[in-house]
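Numbering (my numbering), first residue to last: 1398 to 1740.
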């Protein structure tokens, strides 16, 4: 019990107030978007392959709500006879919002190298990188401005007064990261991780929708931490938190899930998870998840507590995710070649 209280105290420390609304796309189900947090978190799971997808619909009480979809894949490969291994994969993102249907599409290949630090237990230092193509697009036919108001009504025949040149623009975006993960004590299922990532390190510059303006991506730092601890043979809890800083904005997102194994504790047919996350000064996020190996399904809902709650009526973002995770039937399976991280 003392150990549990210690880790809960650590989680409270992680969840101190901070300024909110960082500029990048984010999801409340952080546990289903590891590559968006840090490319060095790729491959930190038990198995050879993992595929995850999350759909988020935000502020449905507001017209033309945000709709965001994430999909990522991770595939782990052992390196020779050593306990080191490499994870390759990729991150896809699609975001759409507003009456002008502003969209963003991200295609980001990922690689992560895991260096074993111990011959006796799971303990790895990982260095990851992610980079690729980003496109932003807007439907100019749906843009309306004050200049098109003729004194009585909206008049589409009038000039918008905006010097739009591009309906779309593209650029390269890059992220690098580092993480450390290890077992805790003698139980291999008790483990933790720490990570730090630097997003938009190239500070991409590209023309935007206007004629004479430039867009420069503001670099973003993300610090991540998590711990998983058994309480009994059938129960465990997981605490995770991210601190994000981008320009003048910062955000803390974190929470806890309590998990119950059904049937055999060694090879459970189902695992039920329930808990809550909080995005400080923005939303409280109840979460429910079920593992039905090799599939899992999770639902969450942002209950808005920020100044927008009067407009949104307390309703924030709904998320649903599905994941596929398993060992492959192969001679060089990570299951046999390395002591795989179990987080």
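Don't be surprised by glycine CBs; every beta carbon is placed ideally from N, CA and C.
If you draw a straight line from the alpha carbon of residue i to that of residue j, how long is it in whole angstroms?
i            : j            : result
residue 1635 : residue 1515 : 24 Å
residue 1633 : residue 1657 : 7 Å
residue 1424 : residue 1434 : 10 Å
residue 1663 : residue 1444 : 15 Å
residue 1419 : residue 1660 : Caution is warranted here: a pLDDT of 36 is assigned to residue 1419, below 50, making its placement in the model unreliable, and the coordinate value is therefore given only provisionally. Taking the straight line joining both Cα atoms gives about 42 Å.
residue 1698 : residue 1641 : 21 Å
residue 1588 : residue 1517 : 14 Å
residue 1600 : residue 1629 : 47 Å
residue 1508 : residue 1550 : 55 Å
residue 1643 : residue 1597 : 10 Å
residue 1684 : residue 1616 : 30 Å
residue 1723 : residue 1432 : 18 Å
residue 1675 : residue 1467 : 21 Å
residue 1544 : residue 1614 : 30 Å
residue 1505 : residue 1667 : 33 Å
residue 1691 : residue 1471 : 14 Å
residue 1546 : residue 1497 : 18 Å
residue 1725 : residue 1447 : 11 Å
residue 1682 : residue 1584 : 30 Å
residue 1645 : residue 1452 : 28 Å
residue 1654 : residue 1619 : 21 Å
residue 1595 : residue 1622 : 15 Å
residue 1717 : residue 1548 : 46 Å
residue 1568 : residue 1533 : 9 Å
residue 1688 : residue 1627 : 17 Å
residue 1476 : residue 1715 : 40 Å
residue 1491 : residue 1582 : 41 Å
residue 1590 : residue 1631 : 22 Å
residue 1503 : residue 1421 : 12 Å
residue 1586 : residue 1649 : 27 Å
residue 1673 : residue 1429 : 15 Å
residue 1721 : residue 1495 : 32 Å
residue 1758 : residue 1542 : The chain is shown from 1398 up to 1740; residue 1758 falls before or after that span and cannot be answered.
Any idea what DSSP makes of residue i, helix, strand or coil?
i            : result
residue 1419 : Residue confidence for residue 1419 is low, a pLDDT of 36 falling below 50, so the modelled location carries little weight and cannot support an answer.
residue 1677 : coil
residue 1436 : helix
residue 1544 : helix
residue 1431 : helix
residue 1723 : strand
residue 1539 : helix
residue 1639 : strand
residue 1471 : strand
residue 1645 : coil
residue 1666 : coil
residue 1570 : strand
residue 1464 : strand
residue 1454 : strand
residue 1518 : coil
residue 1505 : strand
residue 1585 : strand
residue 1713 : strand
residue 1654 : strand
residue 1564 : coil
residue 1616 : coil
residue 1718 : strand
Throw me the rounded Cβ distance for the residue i and residue j pair, which I believe falls under 8 Å.
i            : j            : result
residue 1578 : residue 1441 : 5 Å
residue 1524 : residue 1510 : 5 Å
residue 1592 : residue 1574 : 6 Å
residue 1501 : residue 1531 : 7 Å
residue 1436 : residue 1527 : 4 Å
Excluding sequence positions up to five away, which residues of its chain have a Cβ less than 7 Å from the Cβ of residue i?
i            : result
residue 1522 : 1512, 1514, 1577
Grab me the residues of residue i's own chain with a C-beta within less than 6 Å of its C-beta, minus the 5 sequence neighbours each way, in chain order.
i            : result
residue 1686 : 1670, 1695
residue 1719 : 1450, 1694
residue 1464 : 1454, 1493
residue 1473 : 1440, 1445, 1482, 1484, 1731
residue 1499 : 1535
residue 1746 : Lying before the first or after the last residue shown, residue 1746 is absent from the chain, which here runs from 1398 to 1740.
residue 1438 : 1431, 1576, 1592
residue 1469 : 1432, 1449, 1488
residue 1580 : 1518, 1519, 1588
residue 1529 : 1504, 1505, 1506
residue 1665 : 1658, 1659
In chain order, what residues of the same chain have a beta carbon less than 8 Å from the beta carbon of residue i, not counting five sequence neighbours either side?
i            : result
residue 1703 : 1417, 1678, 1679, 1680
Is residue i near the ligand SAM, with its Cβ less than 7 Å from a heavy atom?
i            : result
residue 1425 : Among the components of this structure there are no ligands whatsoever, and the ligand SAM is therefore not found.
Next on the checklist: Quick test of the definition: if touching needs 3 or more C-beta pairs under 8 Å, does the segment 1473 to 1491 touch the segment 1534 to 1543?
Outcome noted: no
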